[in-house]
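Whatever position you read off the sequence shown (first residue = 1), add 171 for the working numbering. Structure first, then comments.
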Amino acid sequence: MKPFTKVQENPQIPALAIPQRKTWLKFKQQKFLFLMMLPAIIWALIFAYTPMVGLYMSFVNYQPTLGAFWQTLFHSEFVGFKWFDYFFSNGDFLIIMRNTLASTLITLLFSFPMPILIAIAINEIKNVSFKKTVQTASYLPYFISWVIAANIIVTLLSSDGAINGLLKFLHITDESILFLQNGKYFWWIVALGNTWKDMGYSSIMYLAAISSINPELYEAAKVDGANRFKQIRYITLPHLKPTIVILLILALGGILNAGFDQHFLLGNDLTMDYSDVLSTYSFRYGIQNGMFSYASAVGMFSSVVAFIIVVIVNFIAKRVNGHSLF
172 MKPFTKVQEN PQIPALAIPQ RKTWLKFKQQ KFLFLMMLPA IIWALIFAYT
222 PMVGLYMSFV NYQPTLGAFW QTLFHSEFVG FKWFDYFFSN GDFLIIMRNT
272 LASTLITLLF SFPMPILIAI AINEIKNVSF KKTVQTASYL PYFISWVIAA
322 NIIVTLLSSD GAINGLLKFL HITDESILFL QNGKYFWWIV ALGNTWKDMG
372 YSSIMYLAAI SSINPELYEA AKVDGANRFK QIRYITLPHL KPTIVILLIL
422 ALGGILNAGF DQHFLLGNDL TMDYSDVLST YSFRYGIQNG MFSYASAVGM
472 FSSVVAFIIV VIVNFIAKRV NGHSLF
């Protein structure tokens with residue numbers, strides 16, 4: 172590929188035309204790279220941006236009919252912020268927000284540091300065969316659907332399951348604890364389930380960042396007498412800092428996305444006051460009750476808040492340590 176050549180400024184060419192000329196020259200020289208980007212751009216336009224037109228449903232009283240979807244949508248009664256006002260004013264808002272924030276924050280407490288610890292631990296394994304075995308074992312839960320994972324969790328936490336059996340064996344309790352029938356345990360169960368399922372797969376990015384560290388830094392640290400813990404503290408963790416900051420920004424951006432599958436599959440009528448989050452609430456009103464506009468408004472509220480949080484956290488991270496997402 173030819174290097175990008177600097178465009179010679181010509182006093183006869185207007186100043187505004189020079190950046191345009193540079194852009195066109197760059198596009199001409201790297202046309203095949205832009206051509207390779209075309210499928211991804213088309214995919215994003217079709218599946219990411221075009222569906223955003225449906226957000227208009229949040230501002231109308233949409234009622235599905237036998238007619239065409241778009242015609243029905245744009246001819247529905249415009250109600251403005253009625254559905255948002257209804258969501259904020261009814262008694263469900265505080266409960267749903269409490270459940271969503273509690274579930275995501277407890278999950279973040281466990282699921283964010285665990286991939287870092289796993290990546291560092293795997294990197295310290297010297298036996299190549301054992302290292303690959305541990306990596307594969309840590310990735311496997313991620314590829315298990317939540318239907319299967321929920322059944323595993325339910326079996327382990329049942330009254331005659333392995334967890335209650337272990338607690339009785341250690342004489343911690345004499346009677347079985349009904350974990351899935353008591354709401355106060357629900358957030359912690361979901362948090363630990365999310366961590367177990369995703370921590371191995373999430374560690375891949377940290378392992379990639381560790382592999383890019385210059386090995387000579389570790390050799391120099393050994394010469395200076397640094398043990399493995401000091402090498403991790405003064406070499407590995409500082410080099411992981413940019414990756415940690417970026418992933419933390421993305422994690423905080425999804426703070427209102429507690430997850431639909433795990434709450435829907437593990438929740439029940441006895442734990443509804445703790446298991447009902449924004450995603451399950453939207454599903455219940457939108458699909459089961461047919462209030463599509465109301466469910467759309469709830470989903471739009473979640474997306475807007477997530478976007479605002481990402482911008483704020485990114486700004487703070489950039490000001491504090493110079494690392495940011497954008």
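Backbone N, C-alpha and C fix where the C-beta goes; we use that ideal spot for every residue, glycine too. Bear in mind that the values here come from a model prediction, so they are computed numbers and not experimental data.
Which one of the options has the shortest CA to CA distance from residue i?
| i | options | result |
| --- | --- | --- |
| P413 | E387, A379 and W214 | A379 |
| A429 | F340, L276 and F497 | L276 |
| A486 | F472, L423 and F230 | Correcting the residue identity first, residue 486 is Phe in this sequence and not Ala. That would be L423, whose Cα lies nearest to the Cα of F486. |
| I323 | Y377, F463 and N365 | N365 |
| A292 | T407, L421, F218 and L388 | T407 |
| S474 | K202, R192 and L226 | L226 |
| F240 | K253, V250, G251 and V224 | V224 |
| L363 | K339, K253, Q433 and F314 | Q433 |
| G461 | T194, E248, Q234 and K202 | Q234 |
| G371 | T307, I480 and F203 | T307 |
| L349 | G238, P284, Q242 and G336 | G336 |
| F281 | A488, Y456, F198 and W359 | W359 |
Near residue i, which residues of its chain fall below 7 angstroms by C-beta distance, leaving aside the five closest residues on each side in sequence?
| i | result |
| --- | --- |
| F334 | Correcting the residue type first, residue 334 is Ile in the shown sequence and not Phe. L327 and L328. |
| L187 | Its pLDDT being 48, under 50, L187 is placed unreliably in this model, and the value from its coordinates should be taken loosely. Excluding residues within five positions, none has a Cβ falling inside 7 angstroms. |
| V469 | F258, L449, Y452 and S453 |
| I212 | none |
| N294 | L378 and I381 |
| H410 | A380 and I384 |
| V305 | I293 and I296 |
Could you check if residue i is buried or exposed, using at least 16 other CB atoms within 10 Å of its CB as the buried criterion?
| i | result |
| --- | --- |
| V318 | exposed |
| P286 | buried |
| S300 | exposed |
| K368 | buried |
| V361 | buried |
| M208 | exposed |
| Y220 | exposed |
| N270 | buried |
| D256 | exposed |
| I217 | exposed |
| Q179 | Low per-residue confidence applies at Q179: pLDDT is 48, beneath 50, and the placement is therefore not dependable enough to give any value. |
| V231 | buried |
| I551 | Residue 551 is absent from the structure shown; the chain starts at 172 and stops at 497. |
| T278 | buried |
| F198 | exposed |
| D447 | buried |
| F463 | buried |
| F249 | exposed |
Just grab the DSSP bridge partners of residue i for me.
| i | result |
| --- | --- |
| N365 | Answer is none; N365 lacks a bridge partner. |
| F519 | This structure gives no information on residue 519, because the portion of the chain shown stretches from 172 to 497. |
| N232 | E248 |
Going by beta carbon distance, what residues of the same chain come within less than 8 angstroms of residue i, once the five residues before and after it are set aside?
| i | result |
| --- | --- |
| F500 | The structure shown does not extend to residue 500, since the chain spans only 172 to 497, so no value can be given for it. |
| L272 | I426 and L427 |
| Q499 | Because the chain spans 172 through 497 in this model, residue 499 falls outside it and cannot be assessed. |
| D331 | S347 |
| Y389 | Q402 and I406 |
For residue i, which residues from the same chain have a beta carbon less than 6 angstroms from its beta carbon, with the 5 sequence-adjacent residues on both sides left out?
| i | result |
| --- | --- |
| D444 | G354 |
| L496 | I417, I420 and N485 |
| S374 | P286, I289 and A290 |
| A477 | G424 and L427 |
| V325 | none |
task = List in chain order: all unbroken alpha helix (DSSP H) runs of 4+ residues lying wholly within the segment 188–218.
result = The segment 188–218 contains these whole alpha helix (DSSP H) runs: 188–200 and 202–215.
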